[in-house]
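K.L.:
Residue numbers (the working numbering), protein chains in the order written: chain R, 24 to 136; chain V, 4 to 117.
1. For residue 110(V), go through chain R and note every residue whose CB falls closer than 8 Å to its CB, in chain order.
2. Distance check for residue 106(R) and residue 82(R), CA to CA, integer angstroms please.
3. So which residues of chain R does residue 8(V) contact, with C-beta pairs closer than 7 Å?
4. Once you ignore the five residues that flank residue 17(V) on each side, which residues in its own chain have a CB closer than 6 Å to its CB?
5. With distances taken from CA atoms, which of 36(R), 25(R), 24(R), 32(R) is nearest residue 136(R)?
6. Kindly list the residues whose CB is nearer than 6 Å to the CB of residue 42(R), restricted to its own chain and excluding five residues on each side of it in sequence; keep chain order.
7. Going by C-alpha to C-alpha distance, which of 73(V), 67(V), 68(V) sits closest to residue 30(V)?
8. Count the other C-beta atoms from every protein chain shown that fall within 10 angstroms of the C-beta of residue 94(R), then say buried if there are 16 or more, exposed otherwise.
9. Please state if the CB of residue 128(R) and the CB of residue 25(R) are separated by a distance shorter than 8 Å.
10. Go through its chain and collect everything with a Cβ distance to residue 50(R)'s Cβ below 7 Å, but skip five positions before and after it.
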């Protein structure tokens with residue numbers, strides 16, 4: 024069975040500082056990992072994905088994520104946060120044979136000016 | 004431009020009054036799905052469809068029905084809504100033709116059941 028955990032309900036960071044939003048997963052076999060962002064009163068937008076290959080994945084809006092197989096983690100990162108990055112972030116995982124991705128509970132990122 | 008549209012965007016109804024939330028896509032994708040979003044629970048899949056007349060249950064199908072008579076449309080039906088179905092609903096389809104690819108979500112339908 025596949026599962027994903029986002030251990031932080033909320034992450035606070037000052038503008039200009041680096042940010043990390045944590046995600047850990049559990050799957051049978053190889054994972055397909057995704058990050059999505061949801062701005063207030065909007066649908067979810069795709070940020071980046073890991074299917075195979077490089078452990079550091081670059082995505083939209085300057086975000087990147089680091090895949091760590093030994094720690095079963097896929098943390099979202101950005102070197103310098105912007106106030107406009109404030110949003111709800113979802114991690115999702117899918118096993119190779121599954122058509123149904125499992126989403127985390129979401130982490131609210133708040134970037135303070 | 005590839006789009007997923009949902010209607011209505013906002014709906015207030017009363018317990019037991021049947022309702023339908025429509026979803027349509029303009030890319031002729033075979034795969035479509037419905038999610039609900041609740042605080043602290045993230046997104047949970049309700050139903051998905053692999054093709055016309057092919058539907059299957061997701062993680063939380065109780066109290067919902069779907070229909071897939073044509074590729075373009077995938078309506079979500081609540082035969083007898085209850086207050087615990089108050090939620091934010093999203094229709095989704097794959098970003099690309101491959102169902103394993105990232106999901107493209109509609110704008111959402113916020114439902115309140117009194």
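Every residue, glycine too, gets a C-beta built ideally from N, C-alpha and C.
P.N.:
In terms of the structure at hand:
1. Here residue 110(V) refers to the residue found at position 107 of the second chain. Within 8 Å Cβ-Cβ: 65, 66.
2. Here residue 82(R) is taken as the residue at index 59 of the first chain, counted from 1. Here residue 106(R) is taken as the residue at index 83 of the first chain, counted from 1. Cα to Cα, the separation comes out at about 18 Å.
3. Taking the first residue of the second chain as position 1, residue 8(V) is located at position 5. Here the premise fails: no neighbours, minimum Cβ distance about 11 Å.
4. Indexing the second chain from 1 puts residue 17(V) at position 14. Result list for residue 17(V): 117, in chain order.
5. Translated into positions along the first chain, residue 136(R) becomes position 113. When only C-alpha atoms are compared, the closest one is 36(R).
6. As a first step, residue 42(R) must be located in the first chain, where it is residue number 19. Once the five neighbours on either side are set aside, the close Cβ partners of residue 42(R) are 36, 101, 104.
7. Reading the second chain from its first residue, position 27 is the one you call residue 30(V). Closest by alpha carbon: 73(V).
8. Here residue 94(R) corresponds to residue number 71 of the first chain, with the count starting at 1. Classification of residue 94(R): exposed, given that the 10 Å Cβ count is below 16.
9. As a working note, residue 25(R) is residue 2 in the first chain. As a working note, residue 128(R) is residue 105 in the first chain. Against a cut-off of 8 Å, the Cβ pair of residue 128(R) and residue 25(R) comes out as no contact.
10. Numbered from its first residue, the first chain carries residue 50(R) at position 27. Cβ within range, chain order: 25, 116, 118.
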